[in-house]
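Participant:
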């Protein structure tokens, strides 16, 4: 959520940002409602000030009444006191009416505020969609095969690593089983990622709820935009903020954990990592990537989140750090990848900047997205009411960032396909062998 003061003072910047992201907004309506609210608030404060003055005036009058014995003077003072009390009652009634008008305006303002996207940073390239993203760098050599390589679907079936057919039978489209060594490979990747993040990078390991209330999804920016991607679960009588949903990323739990709290500056930065099961409806992708493990409804992900001070340059440096963490995993797995700066039209509502990592997948004859590193400044923190108190005692909204460390089973696609042998067996990456009891080849 953007600061209403910023919107009020820089409407053109907000409008340009929304246009760059191809997101329609009701900015003029928001500014109109905000002006109405501020006018009502000014009137309310004036009434409150007058009420307080009357209270201060009545006190001395009552003191004088106790001391005066002259009936005429006493009657006059009593009349003045009664008039002040009557005026106070009228002011109280008027203030209540203004409060009610403000109360009715607030949800209208909040509803529009939740739809206003964060403007992209100035260094984000302009573009309409992912086709306009800009390549920043590549790592690793794309291998050539002296045999006809097989897809992960075929290899998984022959080596009994995956069972997509029975997954679909059990749970519908975009479902699967990981079986035998495939399940072990999946766990090995996740364990490698967690070990690196905790023991080498100093992140705090967390186990987070994947079933959360509406407020957590709204606070982290996944609602209202993106609501169609979430599975609603919980009791059928849940409504409003008590409705519960399955999360599509551990980012929700890690960030919303501290909503409505004021942290101390000494606690920052918080470096958090979790492994969690994620659920996405993949709405709007009918008929797209229906074969295999690329676009599925349920998967596991190791996610990293940074909660830091409200310092723009600090956020930019943390963005580089979390991106480097993800690249380190791919380099240990020796998987060729490229880093892509997302253009304005591919950022989504909440990101000021986002860098995707795409890993080479032979069956796609190209790179496929495996990671997204996001810089959000105080956008999530304002929605979550997540703040910290600095050394001088002043309270600020935190900055937040997040990035995938690794997501599986999608990452198994390049592993299985790039490490395949002519005989249809698959080599186990050396970084994963310690997690698979020294297994070197899956056959």
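In this note's numbering, the protein residues as written are 7 to 449. We treat Cβ as the ideally placed atom computed from N, Cα and C, and that holds for glycine. Since we're looking at a predicted model, the values are computed, not measured.
(1) Could you tell me the alpha carbon to alpha carbon distance between residue 127 and residue 434, rounded to whole angstroms?
(2) Beta-carbon separation of residue 134 and residue 290 under 9 Å?
(3) With a cut-off of 8 Å, do at least 3 Cβ pairs link the segment 189 to 203 to the segment 305 to 312?
(4) Quick check on residue 306: buried or exposed, where buried means 16 or more other Cβ atoms within 10 Å of its Cβ?
(5) What residue from 152, 259, 47, 92 has the CA that sits closest to residue 111's CA?
(6) Using 9 Å as the limit for Cβ to Cβ distance, is residue 404 near chain B?
(7) If you count every other CB in all the chains shown that lies within 10 Å of the CB of residue 408, and 16 or more means buried, which is it?
(8) Round the Cβ separation of residue 267 and residue 392 to the nearest angstrom and send it over; I've been treating them as touching at under 8 Å.
(9) Find out if the Cβ-Cβ distance for the pair residue 250, residue 214 is shorter than 9 Å.
(10) May I have the straight-line CA-CA distance separating residue 274 from residue 429, to the nearest angstrom?
(11) Which residues mark the beginning and the end of the beta strand (DSSP E) in which residue 310 is found?
(12) For the segment 364 to 404, which segments carrying the alpha helix (DSSP H) assignment without a break, of at least 4 residues, lie completely within its bounds, in sequence order?
(13) Please report the distance separating the alpha-carbon of residue 378 from that of residue 363.
(14) Please give me, in chain order, every unbroken run of the beta strand (DSSP E) with length at least 3 that falls completely inside the segment 211 to 299.
(15) Considering Cα atoms alone, identify which of 444, 170, 239, 152 is closest to residue 160.
(16) So, at 8 Å on beta carbons, what are the nonlocal neighbours of residue 101 in its own chain, with the 5 sequence-adjacent residues on each side left out?
(17) How many whole angstroms separate the CB atoms of residue 441 and residue 197, which I take to be in contact at a CB cut-off of 8 Å?
(18) Figure out for me which residue from 415, 405, 293 has the closest Cα to the Cα of residue 389.
(19) Would residue 178 be called buried (16 or more neighbouring beta carbons within 10 Å of its own) or exposed?
(20) For residue 330 and residue 343, what's the separation of their Cα atoms in angstroms?
(21) Considering only the alpha carbon of each residue, which of 336, 445, 23 lies closest to residue 130?
(22) For a test of your reading of the model: does the CB of residue 100 fall under 8 Å from any non-hydrogen atom of the ligand MG? Yes or no.
(23) Which residues mark the beginning and the end of the alpha helix (DSSP H) in which residue 140 is found?
(24) Excluding the 5 residues flanking residue 426 on each side, which residues of the same chain have their C-beta closer than 7 Å to its C-beta?
(25) Buried or exposed, going by whether 16 or more other CB atoms sit within 10 Å of the CB of residue 361?
(26) Taking the continuous beta strand (DSSP E) assigned at residue 344, which residues delimit it?
(27) Going by DSSP in three states, residue 433 sits in which element: helix, strand or coil?
(28) Going by DSSP in three states, residue 448 sits in which element: helix, strand or coil?
(29) Our contact map puts residue 7 next to residue 120 with C-beta atoms below 8 Å; I'd like the distance itself, whole angstroms only.
(30) Using only CA atoms, which one of 30, 414, 284 lies nearest to residue 118?
(31) Buried or exposed, going by whether 16 or more other CB atoms sit within 10 Å of the CB of residue 477?
(32) Would residue 339 pass as a contact of residue 417 if the rule is Cβ separation under 9 Å?
(33) Just the Cα atoms here: how many angstroms apart are residue 368 and residue 415?
(34) When DSSP labels each residue in this structure, what does residue 153 get in the three-state scheme?
Facilitator: According to the structure data:
(1) In the chain shown, counting from the first residue as 1, residue 127 sits at position 121. In the chain shown, counting from the first residue as 1, residue 434 sits at position 428. So the alpha carbons of these two residues sit roughly 41 Å apart.
(2) The residue labelled residue 134 in the question sits at position 128 within the chain shown. The residue labelled residue 290 in the question sits at position 284 within the chain shown. Cβ distance not < 9 Å, so residue 134 and residue 290 don't count as in contact.
(3) Of all C-beta pairs linking the segment 189 to 203 to the segment 305 to 312, three or more are shorter than 8 Å, placing the two stretches in contact.
(4) Translated into the one-based positions of the chain shown, residue 306 becomes position 300. Buried is the call here.
(5) Position 105 of the chain shown, counted from the start, is the residue given in the question as residue 111. The residue with the shortest Cα to Cα distance from residue 111 is 47.
(6) Chain labels in this structure do not include chain B; a single protein chain is all it has.
(7) Within the chain shown, numbered from 1, the residue matching residue 408 stands at position 402. Burial call: buried.
(8) Against the chain shown, residue 267 aligns to sequence position 261. Against the chain shown, residue 392 aligns to sequence position 386. About 7 Å; that satisfies the 8 Å criterion.
(9) If you number the chain shown from 1, residue 250 lands on position 244. If you number the chain shown from 1, residue 214 lands on position 208. Not closer than 9 Å, so no.
(10) Walking along the chain shown from the start, residue 274 turns up at place 268. Walking along the chain shown from the start, residue 429 turns up at place 423. If I take the Cα positions, the gap works out to 52 Å.
(11) One-based indexing of the chain shown puts residue 310 at position 304. Residues 304 to 314.
(12) 385 to 390
(13) Walking along the chain shown from the start, residue 378 turns up at place 372. Walking along the chain shown from the start, residue 363 turns up at place 357. Those two C-alpha atoms are separated by around 6 Å.
(14) 217 to 219, 237 to 239, 250 to 252, 268 to 270, 276 to 285
(15) Numbered from its first residue, the chain shown carries residue 160 at position 154. Answer by Cα proximity: 170.
(16) Along the chain shown, one-based indexing puts residue 101 at 95. Hits under 8 Å: 50, 53, 54, 57.
(17) By 1-based counting over the chain shown, the position of residue 441 is 435. By 1-based counting over the chain shown, the position of residue 197 is 191. About 5 Å separates the two Cβ atoms, so the contact holds.
(18) Position 383 of the chain shown, counting from 1, holds the residue named residue 389. When only C-alpha atoms are compared, the closest one is 405.
(19) On the chain shown, position 172 is the one that residue 178 refers to. Burial call: exposed.
(20) Working through the chain shown from its first residue, we reach residue 330 at position 324. Working through the chain shown from its first residue, we reach residue 343 at position 337. When rounded, the distance between both Cα atoms is 13 Å.
(21) Counting from one through the chain shown, the residue named residue 130 turns up at place 124. Per the Cα distances, 23.
(22) This structure lacks the ligand MG; in fact it carries no ligand of any kind.
(23) Taking the chain shown and counting its residues from 1, one reaches residue 140 at position 134. That residue, residue 140, is in no alpha helix (DSSP H); its beta strand (DSSP E) goes 140 to 145.
(24) Locating residue 426 in the chain shown gives position 420, counting from the first residue. Excluding residues within five positions, the ones whose Cβ falls inside 7 Å are 155, 156, 161, 432.
(25) The residue you call residue 361 lines up with position 355 of the chain shown. Buried.
(26) The residue labelled residue 344 in the question sits at position 338 within the chain shown. From DSSP, the beta strand (DSSP E) with residue 344 extends over 343 to 347.
(27) Within the chain shown, residue 433 is the residue found at index 427, counting from 1. Residue 433: strand per DSSP, three-state reduction.
(28) To locate residue 448, count along the chain shown from 1; it is residue 442. Here residue 448 sits in strand by DSSP.
(29) The residue given as residue 7 occupies position 1 in the chain shown. The residue given as residue 120 occupies position 114 in the chain shown. So it is a contact: roughly 7 Å between Cβ atoms.
(30) On the chain shown, position 112 is the one that residue 118 refers to. The shortest C-alpha separation from residue 118 is found at 30.
(31) Residue 477 is absent from the model: the chain starts at 7 and stops at 449.
(32) Start at 1 with the first residue of the chain shown, and residue 339 comes out as number 333. Start at 1 with the first residue of the chain shown, and residue 417 comes out as number 411. Yes, these two residues count as a Cβ contact at 9 Å.
(33) Residue 368 sits at position 362 when you count from the first residue of the chain shown. Residue 415 sits at position 409 when you count from the first residue of the chain shown. Answer to the nearest angstrom: the Cα atoms are 16 Å apart.
(34) For the purposes of this step, residue 153 is taken as the residue at position 147 of the chain shown. DSSP places residue 153 in coil when its eight states are reduced to three.
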